[in-house]
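Numbering (my numbering), first residue to last: 302 to 440. Backbone N, C-alpha and C define an ideal beta-carbon position, used for all residues, glycine too. It should be emphasised that the depicted structure is a prediction, and the values quoted were computed from it without experimental measurement.
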């Protein structure tokens, strides 16, 4: 058995710790205290319970990253389940927070459908465009 060459450098840095803010929005403490693997397991199980479907690996990884306090940009095709990611993340946040989960959507027609879907599900939703995003809307 040979050892790796000494000139080979492997940069193994631990992932940053999950962020807990005393004044900001946090996920439920019971989920915050879980390891990433246990949190991913919870997200997968919650997806099955809520939607009757197994979440895609990339969906679970993205929700986990959001729960860890990281900003995420995901570019995926129509029908992938990007909207479900926002919903799954939202479910990790206690109701006492006035939380806003912002999902950017480049297509106007698809945006109309997304707003309708959210309103029918009981969420408050608005389609922001350059015409509707103003100081009044922001309040």
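Which of helix, strand or coil does DSSP assign to residue 420?
Helix at residue 420.
From what residue to what residue does the alpha helix (DSSP H) around residue 385 run?
From DSSP, the alpha helix (DSSP H) with residue 385 extends over 383-391.
At the level of alpha carbons, what is the spacing between residue 336 and residue 415?
Residue 336 and residue 415: Cα-Cα distance of roughly 32 Å.
Can you tell me whether residue 390 is buried or exposed, with buried defined as 16 or more other CB within 10 angstroms of its CB?
Answer is buried; the Cβ neighbour count reaches 16.
Decide yes or no for the touch test of the segment 316-330 against the segment 379-387: beta carbon pairs closer than 8 Å, at least 3 of them.
No: fewer than three Cβ pairs fall under 8 Å.
Use the C-beta contact count for residue 383: other C-beta atoms within 10 angstroms, 16 or more gives buried, fewer gives exposed.
Result: buried.
Could you check whether residue 368 and residue 332 sit closer than 8 Å to each other, using their CB atoms as the reference points?
Yes, the pair counts as a contact, with Cβ atoms nearer than the cut-off.
Alpha carbons only, please: which of 400, 375, 352, 342 is nearest the one belonging to residue 327?
For the residues 400, 375, 352, 342, the minimum Cα distance to residue 327 belongs to 400.
My assumption, with CB atoms under 8 Å, is that residue 361 sits in contact with residue 344. Please give the rounded CB distance.
Right, the Cβ-Cβ distance comes to about 5 Å (below 8 Å), so this counts as a contact.
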